[in-house]
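Chemist: Pasting a structure here, questions to come.
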Amino acid sequence: MLGRLLGSALLAAGLVSPALAQDSYPSRPVTMVVPFPPGGVADTVGRPVAEAMARQLKQSVVVENKAGAGGGIGMAYVAKAKPDGYTMLMA
Numbered sequence: 000m001l002g003r004l005l006g007s008a009l010l011a012a013g014l015v016s017p018a019l020a021q022d023s024y025p026s027r028p029v030t031m032v033v034p035f036p037p038g039g040v041a042d043t044v045g046r047p048v049a050e051a052m053a054r055q056l057k058q059s060v061v062v063e064n065k066a067g068a069g070g071g072i073g074m075a076y077v078a079k080a081k082p083d084g085y086t087m088l089m090a
């Protein structure tokens, strides 16, 4: 019985340790892509949202405007970005 309990505890500790070894998110600046030109409604809303996110995450949030094709260029850029949570879309 004690051996089973000890084995279970060691297994649980082994499952938790990789999570503890990971960097906390975000460990570098986050990019918020606005798929419309600067000065538009999405940009005007996106910049204060980025500031609030930066305060909450305690990390820089960079706003990039990628206008064109009715927002398609910015959306395609985000869709092709590495799926690591550091590139997001404001639409």
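Take the sequence shown: its letter number 77 is residue 76 in numbering that gives the first Met the number 0, and every next letter is one higher.
We treat Cβ as the ideally placed atom computed from N, Cα and C, and that holds for glycine.
How about valine 33 and glycine 73: are their beta carbons less than 9 Å apart?
Modeler: Numbered from 1 along the sequence shown, position 34 holds the residue referred to as residue 33. Numbered from 1 along the sequence shown, position 74 holds the residue referred to as residue 73. Cβ distance < 9 Å, so valine 33 and glycine 73 count as in contact.
Chemist: Among the residues of its own chain, which have a CB less than 6 Å from the CB of valine 77, if the five just before and after it don't count?
Modeler: For the purposes of this step, residue 77 is taken as the residue at position 78 of the sequence shown. Cβ within range, chain order: Val32, Thr86, Leu88.
Chemist: Just the C-alpha distance for valine 44 and serine 23, rounded to the nearest angstrom, thanks.
Modeler: Taking the sequence shown and counting its residues from 1, one reaches residue 44 at position 45. Taking the sequence shown and counting its residues from 1, one reaches residue 23 at position 24. For valine 44 and serine 23, the distance between alpha carbons rounds to 27 Å.
Chemist: Here's a check: name, in chain order, each residue in its chain whose Cβ is nearer than 8 Å to the Cβ of proline 36, leaving out the five neighbours to either side.
Modeler: By 1-based counting over the sequence shown, the position of residue 36 is 37. Taken in chain order, the residues that qualify are Asp42, Asn64, Ala66.
Chemist: Going by C-alpha distance, which of Met52, Thr30, Val48 is nearest alanine 80?
Modeler: Along the sequence shown, one-based indexing puts residue 80 at 81. Closest option to alanine 80, Cα to Cα, is Thr30.
Chemist: So, for glutamate 50: in the same chain, excluding its five sequence neighbours on each side, which residues have a beta-carbon less than 8 Å away from its beta-carbon?
Modeler: As a first step, residue 50 must be located in the sequence shown, where it is residue number 51. Answer for glutamate 50: Val60, listed in chain order.
Chemist: Determine the DSSP secondary structure at methionine 89, reduced to helix, strand or coil.
Modeler: Translated into positions along the sequence shown, residue 89 becomes position 90. In the structure shown, methionine 89 sits in coil (DSSP, three-state: anything other than H, G, I, E or B).
Chemist: With respect to the alpha helix (DSSP H) encompassing lysine 79, which residues constitute its N-terminal and C-terminal limits?
Modeler: In the sequence shown, the residue the question calls residue 79 occupies position 80. Its alpha helix (DSSP H) spans residues 71-79.
Chemist: To the nearest whole angstrom, what separates the beta carbons of glutamine 58 and proline 25, a pair I think is in contact under 8 Å?
Modeler: Mapped onto the sequence shown, residue 58 falls at position 59. Mapped onto the sequence shown, residue 25 falls at position 26. Confirmed, Cβ separation roughly 5 Å.
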